[in-house]
Amino acid sequence: MASAFTVAAAFVGFVFLVVLFTWRNQRPQAAAAATSPADETRAASSPSTAEMVPRPAAPDENRP
Amino acid sequence: MSTTAPVQQGVDDPGSPPDERRSNIALIVIVACQLMLVLDATIVNVALPDIQGALDFSPTNLAWVLNAYTIAFGGLLLLGGRAGDILGRLRVFQVGVVVFFLASLAGGLATESWMLVAARVGQGIGAAAASPNALALLTATFPEGPRRMKALAAWAAANGVGGSIGLIIGGMLTTWVSWRWVMFINVPIALAVASLAPRFISSPRRNPGRFDAVGAVAATVGLSALVYGFIRASSDGWSDTLTLTSFAVAVVVLAMFVVIETRASQPVVPLSLVTDLSRARTYTLLLMMVGSMISMFFFTTQFLQEVLDFSALRAGLAFLPMSVGIMVSAQRTTKLLPRLGPKPLMLFGAALCTSGMIWLTQLSEDTGYASGVLGPMLLFGLGVGMLMVPLSLSAVGGVSPRESGAASSMMVVTQQVGSSLGLAVLVTVYGTASRHAAEHPPAGLRRRTWPTTC
Chain S
1 MASAFTVAAA
11 FVGFVFLVVL
21 FTWRNQRPQA
31 AAAATSPADE
41 TRAASSPSTA
51 EMVPRPAAPD
61 ENRP
Chain Z
1001 MSTTAPVQQG
1011 VDDPGSPPDE
1021 RRSNIALIVI
1031 VACQLMLVLD
1041 ATIVNVALPD
1051 IQGALDFSPT
1061 NLAWVLNAYT
1071 IAFGGLLLLG
1081 GRAGDILGRL
1091 RVFQVGVVVF
1101 FLASLAGGLA
1111 TESWMLVAAR
1121 VGQGIGAAAA
1131 SPNALALLTA
1141 TFPEGPRRMK
1151 ALAAWAAANG
1161 VGGSIGLIIG
1171 GMLTTWVSWR
1181 WVMFINVPIA
1191 LAVASLAPRF
1201 ISSPRRNPGR
1211 FDAVGAVAAT
1221 VGLSALVYGF
1231 IRASSDGWSD
1241 TLTLTSFAVA
1251 VVVLAMFVVI
1261 ETRASQPVVP
1271 LSLVTDLSRA
1281 RTYTLLLMMV
1291 GSMISMFFFT
1301 TQFLQEVLDF
1311 SALRAGLAFL
1321 PMSVGIMVSA
1331 QRTTKLLPRL
1341 GPKPLMLFGA
1351 ALCTSGMIWL
1361 TQLSEDTGYA
1371 SGVLGPMLLF
1381 GLGVGMLMVP
1391 LSLSAVGGVS
1401 PRESGAASSM
1411 MVVTQQVGSS
1421 LGLAVLVTVY
1431 GTASRHAAEH
1441 PPAGLRRRTW
1451 PTTC
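Sequence order for the protein chains is S and Z.
Per the working numbering, the very first residue in the first sequence carries number 1; after that it's consecutive.
Per the working numbering, the very first residue in the second sequence carries number 1001; after that it's consecutive.
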């Protein structure tokens, strides 16, 4: 079983390395700010509106 | 099939005042549905010996109680997500839940082995329609921002704890009532979800379009062959003829699928989703994460039941600390994410998971639960919560509404393929090492603790 857990550890170790070397840290506050609280609650009660009117593209936290 | 006029379903009044209570109930309904679908992958496993006795299954055919669900679910996921985009997500979600309800009822009433396998296929079809659309409805209900973060944390927690909860509930029902109740348990949940969904979940507008029928068939055949190949590899080895044939079919058909999608005006999966490097990276990390998580469930359960001699129920209960760890850390992650950003949390989460896995490599016949299993489970559970929330946000974030169904499908497909791939690889590693060390073939591993979605 140790060998299987070693390979599984390598899987999550790979995740660690990829995040460490390639992930840009960007706090998701920017994404939250792109949507005002009013927009958010309106969209929650009527997502159709939110879907039909494209909001400004929210900066994805992991896009370069 | 094409639609011309967008319609709205279940929307009370577009101008109605904000109703946080309504969206909270919507979240509960969606997460409850996802939990039902996820735990169904493991809840049956515990009941397999009873099912075998009651319905006179041969040992070979018994595996199809698990495989039928896995293959139907994995194979139809992309189609389910695309159907939601075109026909309406709430509608397809509801149809999926109703199909799941009927299949669960039929499975509980089965008197022949083929009836139960057919019911499991029905459950897989229902899950494939419901799961990606549940996620798409969640992202539509909660726009990007703190509320989506919390909603996705609940979603990720349901995925994380579903496997262990399935083992616990399956053990309880099988021990105290009957194996039939591992199917019947879905009936009231599915009924509640199907009846509450139109009242509390607002349906986004349908996106007029038509099915890319050829692409849908190719996706279904290719994914089914891929999932079956991994299942076959874990039970019969990578060099088995049927394993190789399945992979060959999967490669050829999925290659055809890519070609078809590049030419389709309205593809099942917009290739921009997978050619976007950052999103492709997120899918890869999800794949590795789920592949690792499956080993935690599979091999630790083997250890608990075969070395520590735990009953199925006790083994399920032994996973509770990990479930609690996932829930607590997913919730904390939503609070820390705006302050710290995803990177430090993901690094810490991955470090915790890796530490837990390395700790588990020390398991031996002398290891007790408290001394050698509890600690790694807690570490892994806490790490999973920290990783899954940012990964889920990244997988479905920044997608146009038109493509949110496809993006949700891709995320669920990634998890599904990751669990099949991870199990196949790790069982092979285990089998090879065992043969060298003590001549324990991989067939010695029982497959009854296989959560196919995490």
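Where is the CB? At the ideal position from N, CA and C, for every residue including glycine.
Bear in mind that the values here come from a model prediction, so they are computed numbers and not experimental data.
In this structure, Z:A1072 sits near Z:V1121, with a CB-CB distance shorter than 8 Å. Residues are counted here when their Cβ sits less than 8 Å from a Cβ of chain S; for the region 1324 to 1344 of chain Z these are L1337, P1338, R1339, L1340, G1341, P1342, K1343, P1344, given in chain order. Rounded to the nearest whole angstrom, the CA to CA distance from Z:A1248 to Z:R1021 is 50 Å. The C-beta distance from Z:A1063 to Z:S1235 rounds to 7 Å, short enough to meet the 8 Å contact threshold. Within the region 10 to 24 of chain S, the residues whose Cβ lies closer than 9 Å to any Cβ of chain Z are, in chain order, A10, F11, V12, G13, F14, V15, F16, L17, V18, V19, L20, T22, W23, R24. Just measuring C-alpha positions, the residue of Z:T1334, Z:I1086, Z:A1395 sitting nearest Z:Q1266 is Z:I1086. Rounded to the nearest whole angstrom, the CA to CA distance from Z:T1111 to Z:V1099 is 20 Å. Here the alpha carbon of Z:A1218 sits roughly 44 Å from the alpha carbon of Z:V1307. Nearest C-alpha to Z:I1051 among Z:A1128, Z:I1260, Z:W1181, Z:A1136: Z:W1181.
Contact annotation: the region 1388 to 1396 of chain Z touches the region 1284 to 1294 of chain Z, with at least three C-beta pairs closer than 8 Å. Contact of Z:Y1283 with chain S is not assigned, every C-beta pair being separated by 8 Å or more. In the three-state DSSP reduction, Z:R1120 falls in the helix class (H, G or I).
With a cutoff of 8 Å on beta-carbon distance, Z:E1261 and Z:G1215 are scored as near each other. Distance from the Cα of Z:V1384 is smallest, within the candidate group Z:P1401, Z:V1417, Z:F1348, Z:S1131, for Z:F1348. Residues T1243, S1246, F1247, A1250 of the same chain have their beta carbon placed closer than 7 Å to that of Z:G1229, with the five preceding and five following residues left out of the count. For Z:Q1305, there is no enclosing alpha helix (DSSP H), as DSSP marks it with neither H nor E. Annotated three-state conformation of Z:L1271 is coil, per DSSP. Closest option to Z:T1334, judged by alpha-carbon separation, among Z:M1346, Z:Q1416, Z:F1303, Z:P1146: Z:P1146. Fully enclosed alpha helix (DSSP H) runs of no fewer than 4 residues occupy 1213 to 1236 of the region 1197 to 1260 of chain Z, in order along the chain. Using a Cβ-Cβ cut-off of 7 Å, Z:A1350 is close to V12, V15, F16, V19 of chain S, given in chain order. By the criterion of a C-beta distance shorter than 8 Å, Z:L1273 is surrounded in its chain by R1279, V1399, E1403, A1406, A1407, M1410, once the five residues flanking it on both sides are discounted. Z:A1433 has a beta carbon lying within less than 8 Å of a beta carbon in chain S. In this structure, the CA atom of Z:G1107 is about 16 Å from the CA atom of Z:P1049.
Boundaries cannot be given for Z:G1145, as no alpha helix (DSSP H) includes it and DSSP labels it neither H nor E.
Counting only the Cα atoms, Z:F1298 lies some 14 Å from Z:G1431.
One finds A8, F11, V12 in chain S with Cβ atoms closer than 7 Å to the Cβ of Z:S1292, taken in chain order.
For Z:T1367, no CB of chain S lies under 8 Å from its own CB, so it is not counted at the interface with that chain. When DSSP states are grouped into helix, strand and coil, Z:Q1052 belongs to the helix group. In terms of Cβ geometry, Z:W1155 and Z:V1031 form a close pair [threshold 8 Å]. At a cut-off of 8 Å between beta-carbon atoms, Z:C1353 makes contact with chain S. By the C-beta density criterion, Z:R1082 is buried, having at least 16 other C-beta atoms within 10 angstroms. Beyond the five residues adjoining it in sequence on each side, Z:Q1034 comes within less than 8 Å, by CB distance, of S1131, A1134, L1135, W1155, A1158, N1159, G1162 in the same chain, given in chain order.
Where Z:V1373 is concerned, there is no enclosing alpha helix (DSSP H), because DSSP gives it neither an H nor an E.
Taking all protein chains in view, the Cβ of Z:F1257 is crowded by 16 or more other Cβ atoms within 10 Å, so the residue is classified as buried. Here Z:A1194 is actually not in contact with Z:V1324; their C-beta atoms are around 30 Å apart, not less than 8 Å.
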